[in-house]
Amino acid sequence: MELRHLQHFVAVAEDQHFTRAAERLLVSQSGLSASIRALERELQTPLFVRTTRRVTLTEAGRALLAEAERILAQVRAAHEAVAAVQGVLRGTLAVGTEQCIAGVNVAELLAAFRRRHPDVEIRLRQWGSAALAEEVAAGRLDLAFAYRTDTDPDQLRAVPLTGEPMTVLCHPDHRLARAGTPVTPQELADEVFVDFHPDWGPRRATDAAFAAAGVRRTVALEVNDVHSLLDLVDENLGVAVVPRHFRHKRPSLTALPLKDTGEAAYETVALVPAPRATSPAARALMTLLDTGGA
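Position one of the sequence shown corresponds to residue 1 (this note's numbering), numbered consecutively onward.
Written as structure tokens, this is what we have:
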């Protein structure tokens, strides 16, 4: 099995189209098709279902994709490790993050990294914490800044960044704002909630806090960005339970402490592969983070 066959296979799986994949790889479409056929002959099974519009992975193809991505990531890491020994940091740094993550200024950190390592291409992706963990474990991201989550220590390390309590945000005319006192999950049971998608760290922290308190809640207004959440609360359409640092993003809203959820209900971490799989670029970024070089 040749590396180029795996590279071609991953490209077709990502684009779901032979022509687009061939254009991206700068190879002929006939050459790409021949490469995929050779791989299918070697594995003795079809990897794609081909139609006139697109191609999709078979069950065998889906099984191969995860391993192919991991192998290619390890090969890339090997090349970069050799370059690092020679005193030059090259290649790609693929970073993932949630929006408005606490404990790290991602833009500032990446800018400092670029000043020190201008030959490294930086790529940034923004997803929820569960997806970020999967991407790092699969080798598609070098590291990610995310909400703490259960991880397989053989695949991922969770390096603590910071922890903070959760806060209730509401409109100044809301009954909770008029009372002006800390609230418990039980006192919020009948409220209309604005929240993020279930994959997001703040949503996962809030769900965990309410589950621990034995309180069921329904998220009526679900969004995928911070500003939409704040806008909806600002229109008094619901309340939101968010990490404490969110309160500074919209000072016009009333922020109330959420009681009985622990001292640090929201904890953020850097998700990094196991040491043997951590790329030189990721190690350099973490060193920069540790030393406050940003």
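All C-beta atoms in this analysis are idealised placements derived from N, C-alpha and C, irrespective of residue type, glycine included.
Note that the coordinates shown come from a computational prediction; the quantities given were computed from them, not determined experimentally.
DSSP three-state assignment for residue i, whether helix, strand or coil
| i | result |
| --- | --- |
| Q126 | strand |
| A158 | strand |
| E98 | coil |
| P118 | coil |
| T167 | strand |
| D195 | strand |
| G103 | coil |
| G91 | strand |
| L271 | strand |
| L237 | coil |
| R216 | coil |
| L143 | strand |
| P257 | strand |
| R250 | coil |
| L26 | coil |
Supposed contact pair residue j and residue i - C-beta distance, whole angstroms, cut 8 Å
| i | j | result |
| --- | --- | --- |
| H227 | G128 | With 8 Å as the limit, H227 and G128 do not qualify as a contact, their Cβ atoms being about 17 Å apart. |
| L258 | T162 | The Cβ separation is near 17 Å, so there is no contact. |
| L110 | I122 | 6 Å |
| R247 | L169 | 7 Å |
| L271 | L132 | 6 Å |
| P185 | A209 | 6 Å |
| A205 | D260 | About 14 Å; that fails the 8 Å criterion. |
| L93 | L285 | 6 Å |
| L76 | G91 | The sequence shown places Arg at residue 76, rather than the Leu named in the question. Contact holds; Cβ gap of about 6 Å. |
| H5 | S33 | Not quite, the Cβ-Cβ distance comes to about 12 Å (not below 8 Å), so this is no contact. |
Cα-Cα separation, residue i to residue j
| i | j | result |
| --- | --- | --- |
| A103 | T268 | It is Gly, not Ala, that sits at residue 103 in the sequence shown. Looking at the two C-alpha atoms, the distance is approximately 7 Å. |
| T181 | V215 | 20 Å |
| L229 | A240 | 8 Å |
| A13 | V55 | 8 Å |
| P243 | H8 | 43 Å |
| A265 | A211 | 12 Å |
| V106 | R114 | 12 Å |
| P46 | A60 | 7 Å |
| L304 | G238 | With the chain covering 1 to 294 only, the question about residue 304 has no answer from this structure. |
| T278 | G201 | 24 Å |
| R140 | A38 | 25 Å |
| F145 | R203 | 16 Å |
| A130 | L143 | 13 Å |
| A137 | D119 | 25 Å |
| A22 | Q29 | 5 Å |
| E40 | L289 | 44 Å |
| A112 | V95 | 14 Å |
| V183 | A255 | 11 Å |
| D231 | P251 | 12 Å |
Residue environment, residue i, which counts as buried when at least 16 other CB atoms sit within 10 Å
| i | result |
| --- | --- |
| G31 | exposed |
| A274 | exposed |
| A78 | exposed |
| L26 | exposed |
| L3 | exposed |
| V233 | buried |
| T287 | exposed |
| E108 | exposed |
| E98 | buried |
| E67 | exposed |
| A11 | buried |
Residue-chain proximity (residue i, chain C), Cβ-Cβ < 8 Å
| i | result |
| --- | --- |
| R157 | The structure shown contains no chain C, having only a single protein chain. |
Worksheet item: Three or more beta-carbon pairs under 8 Å between the segment 215-226 and the segment 174-192, yes or no?
Response: yes
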